[in-house]
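*Asks:* In the numbering used here, the protein residues as written are 1292 to 1413.
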């Protein structure tokens, strides 16, 4: 990711949930669930609001505007134990959200609708 070899690279790992799986949750939902484990995993929409025509547009030509992704910043003080905990927490969140299935959507839909954020409460 914007990597200049062994120098001048960003200490960031970026990923996305596989959109082909048709999950009833996305990367921004994952961000919210990870907070219960005291992790801040940033979720982002891969779109922008064009002020010229008031339309939401995709950031990339190969991904739809509703696509999301998440990132984790890898800091110098991260330890192996911390990274193991991050992976364990990610797995637990994914299992929790998957176990709710469509129920996850129905639990969060009212909050998302109330915010007027077209699908996300953040």
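Glycine included, each C-beta is placed from N, C-alpha and C at the ideal position.
(1) Hey, how far is the Cα of residue 1330 from the Cα of residue 1377?
(2) Could you check whether residue 1365 and residue 1302 sit closer than 8 Å to each other, using their CB atoms as the reference points?
(3) In chain order, what residues of the same chain lie with their CB nearer than 7 Å to the CB of residue 1380, ignoring the 5 residues before and after it?
(4) Residue range of the alpha helix (DSSP H) that residue 1346 falls in?
(5) Take residue 1312 as the anchor and find which of 1369, 1396, 1389, 1394 has the nearest alpha-carbon.
(6) Run the CB neighbour count on residue 1348, radius 10 Å, all protein chains shown included, and call it buried at 16 or more, exposed below.
(7) Are the Cβ atoms of residue 1337 and residue 1321 separated by less than 8 Å?
(8) Using C-beta distances below 6 Å, list every residue in its chain close to residue 1317, excluding the 5 sequence neighbours before and after it, in chain order.
(9) Would you list the residues sitting across from residue 1333 in a DSSP beta bridge?
*Replies:* Once the coordinates are examined:
(1) Cα to Cα, residue 1330 sits roughly 7 Å from residue 1377.
(2) In this structure, residue 1365 lies closer than 8 Å to residue 1302 by Cβ.
(3) In chain order, 1325, 1328, 1330 place their CB closer than 7 Å to the CB of residue 1380, counting only its own chain and leaving out the 5 sequence neighbours on each side.
(4) Here residue 1346 belongs to no alpha helix (DSSP H); instead the beta strand (DSSP E) covers 1346-1349.
(5) With distances taken between Cα atoms, residue 1312 lies closest to 1389.
(6) Burial call: exposed.
(7) Not a contact, by the Cβ cut-off of 8 Å.
(8) Within the same chain, residue 1317 has close Cβ partners 1359.
(9) DSSP lists 1362 as the bridge partner or partners of residue 1333.
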